[in-house]
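In this note's numbering, the protein residues as written are 60 to 270.
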């Protein structure tokens, strides 16, 4: 059993993993926006940097545009920029989080999306998509994985993470394994490591290539 010391969080993190529905998720993240970065920084939020470094190791062309799906306040965009990537577009459901991301001047474009409607993109718009800390318990449901894979062209890269809460729910890894076993994607990279080490939480990060 994996234990998390959620008793030491500041009031939002411990609520995030029990959300149900898009409206509840949007409401919490809007309210959390002002303190989000401080709270996750206190616990050593490591997943964005891990994914950004892994992407750069496998995709040295740093000019390739990236769709940062669920970009939040821009911590994922910052990690990607620090890894060397130059062109990043961000989308999120929270207008309040997007306002903070906008102030960082990291993104070529930022857009609020409605998870109850189709994404405003078509297949092939992006050759790289990231969903860093986005799909999983209390966040985007497993079918979002299909949505993002559908947007990629053949040979496109999808980098994402599942934290320990998400890994305890078999439907998420089953979704990934379904693609791998069917041959519609291949696993380029996987690593289990720090997510929020301050509360003893880890995550698996993945890079898959669409066949």
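C-beta atoms are modelled at their ideal positions from N, C-alpha and C, and glycine is treated no differently.
- request: Establish whether the CB of residue 229 and some CB of chain C are separated by less than 9 Å.
  value: Of the chains in the structure shown, none is chain C; there is only one protein chain.
task: Pick out whichever of 218, 170, 172 has its Cα sitting closest to the Cα of residue 186.
output: 218
message: The alpha helix (DSSP H) that contains residue 186, what's its start and end?
response: No alpha helix (DSSP H) holds residue 186; DSSP gives it neither H nor E.
query: Going straight from the alpha carbon of residue 124 to that of residue 101, what length do you get?
result: 31 Å
task: Any chance you could list the beta strand (DSSP E) runs of at least 3 consecutive residues sitting entirely within the region 189 to 242, in chain order?
output: 216 to 222
task: State the Cα-Cα distance for the pair residue 158 and residue 267, rounded to the nearest angstrom.
output: 30 Å
task: Specify whether the region 174 to 182 and the region 220 to 233 touch according to this definition: at least 3 beta carbon pairs, one from each stretch, less than 8 Å apart.
output: Taking 8 Å as the limit for Cβ pairs, the verdict is that the region 220 to 233 does not touch the region 174 to 182.
- request: Let me know if residue 173 comes out buried or exposed under the rule of 16 or more other beta-carbons within 10 Å of its beta-carbon.
  value: exposed
Integer Cβ distance of residue 274 from residue 220, believed to fall under 8 Å: Nothing can be reported for residue 274: it is not among the residues displayed for the chain, which extend from 60 to 270.
query: For residue 244, which beta-bridge partners are listed by DSSP?
result: 269
Backbone CA spacing between residue 227 and residue 205 [nearest angstrom]: 20 Å
task: With DSSP as the reference, label residue 250 as helix, strand or coil.
output: strand
field: Start-end ranges of the beta strand (DSSP E) lying completely within the region 85 to 170, minimum 3 residues
entry: 125 to 128, 147 to 151
query: So, do the region 241 to 259 and the region 95 to 114 have three or more beta carbon pairs nearer to each other than 8 Å?
result: yes
message: Here's a check: name, in chain order, each residue in its chain whose Cβ is nearer than 6 Å to the Cβ of residue 95, leaving out the five neighbours to either side.
response: 132
message: Does the region 140 to 147 come into contact with the region 111 to 127, if we say contact requires no fewer than three beta-carbon pairs (one atom in each stretch) closer than 8 Å?
response: Proximity of the region 140 to 147 to the region 111 to 127 meets the contact definition, three or more beta-carbon pairs being nearer than 8 Å.
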